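Heads up, the sequence shown is in the working numbering, so the first residue is 1 and it goes up one at a time. By construction, the Cβ of each residue, glycine as well, lies at the ideal position given by its N, Cα and C atoms. Fair warning: this is a prediction, and the values are worked out from it, not measured in the lab.
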Amino acid sequence: MLAAAAAAAVPPAASCYSPLKPARRWGISWRCRAARVEAGFSQLEVRKVTYRPPGTEHNLLNEINLSLREKSFGLIFGRSGSGKTTLLQLLAGLSEPTSGSICIQKYDDSGNPIGSSEMLTSQRVGIVFQFPERYFLADTVLEEVTFGWPRQKADTLFKEQLAVNLQNAFNSVGLTTISLDEDPQSLSGGFKRRLALAIQLVQTPNLLLLDEPLAGLDWKARADVVNLLKDLKKHHTILVVSHDLSFLQGTISTSRLLMENANGREFEGGNFACVKM
């Protein structure tokens with residue numbers, strides 16, 4: 001029902017329509033993604049990334065290193081202004097590193113690299129910004145999730161696939177009980193975050209980036225979102241910026257990155273109680 005409604009909701013478009021423009025509010029485009037390789041595993045690798053905004057003399061990031069295996073959950077944390085969100089923007093392709101690289105490296109089952117690494121492109125990344133509900137534009141849930149979909153008649157099959165993906169996304173985030181005619185702003189805080197996640201999951205990204213996903217939520221909503229993330233990491237690679245270490249402690253798989261004054265310190269395992277913020 002949801003997939004059929006979504007496919008039917010897309011009207012003919014004017015000739016000036018560009019599907020990439022509205023999609024950029026979520027940090028994605030509608031281009032086709034590269035096919036995944038099933039043998040072995042893939043790993044996101046941030047290699048000595050430095051970022052200096054154009055026209056400035058100071059680096060916001062200094063030789064950051066981070067690795068995150070596919071279908072795992074990583075956390076970036078640290079004080080405000082340490083460069084956490086800047087790193088997410090680089091990963092999403094919203095800015096480009098001054099030096100260093102962000103890539104996907106494939107490995108065999110023994111951990112040996114397979115071929116050369118591939119650059120991580122924005123088409124393979126979904127990003128949910130802090131307080132994503134502030135960017136909702138439509139009057140209904142259905143209009144919100146189909147905003148920016150291709151509308152040319154030649155894209156019928158693509159739209160049908162997106163509609164199927166949308167059904168799967170709603171199932172994944174537990175939104176099947178809400179009405180498609182409901183105003184997104186009338187949803188609870190936790191359901192608004194679920195809706196923002198669903199919009200990203202429609203495009204089945206290789207990497208899902210979340211900037212402070214628990215910000216502004218009450219205790220129960222935070223717990224619900226954390227449980228949702230635990231389920232999502234079974235099928236997705238997730239990297240989160242957050243201050244809520246106590247809530248996320250049991251969710252993280254391996255990778256943590258502590259940001260300190262534009263510098264990053266990566267470590268695995270350990271106890272967050274040992275980290276001085």
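Do the stretch 225-233 and the stretch 105-112 meet, that is, are 3 or more Cβ pairs less than 8 Å apart?
-> no
Locate the alpha helix (DSSP H) running through LEU197, then write down its first and last residues.
-> 189-201
Check whether the Cβ atoms of SER242 and LEU208 lie closer than 8 Å to each other.
-> no
Go ahead and label HIS236 buried or exposed: buried means 16 or more other beta carbons lie within 10 angstroms of its beta carbon, across all protein chains shown.
-> buried
If you draw a straight line from the C-alpha of LEU88 to the C-alpha of THR177, how long is it?
-> 32 Å
Check ASP224 in the structure and name its three-state DSSP category.
-> helix
Keeping to the same chain, check which residues put their C-beta closer than 6 Å to that of PHE129; ignore five residues upstream and five downstream.
-> ASP211
Specify the secondary structure class of GLU45 as computed by DSSP and reduced to three states.
-> strand
Put PHE158 into one of helix, strand or coil per three-state DSSP.
-> helix
The beta strand (DSSP E) enclosing GLU63, as first and last residue numbers = 61-69
Out of GLU63, GLY83, GLY93, ARG193, point me to the one whose CA is closest to PHE136's CA.
-> ARG193
With 16 other Cβ atoms within 10 Å as the buried cut-off, status of PRO113 | exposed
Pick out the complete beta strand (DSSP E) segments inside the stretch 92-149, 3 residues or longer, and give them in chain order.
-> 99-107, 125-128
Look at LEU289 and GLY189 and say whether their C-beta atoms are less than 8 Å apart.
-> Residue coverage of the chain in this structure runs from 1 to 277, which leaves residue 289 outside it and unanswerable.
Who are the near neighbours of GLU133 in its chain, counting only those whose CB is closer than 6 Å to its CB and skipping five residues on each side?
-> LYS192
Where DSSP assigns a beta bridge to THR50, which residues make up the other side?
-> SER99
Please list, in chain order, all residues of the same chain as ASP244 whose beta carbon is under 6 Å from its beta carbon, the five residues on each side excluded.
-> LEU214
Within the 8 Å Cβ cut-off, does LYS159 reach chain C?
-> The structure shown contains no chain C; it is built from a single protein chain.
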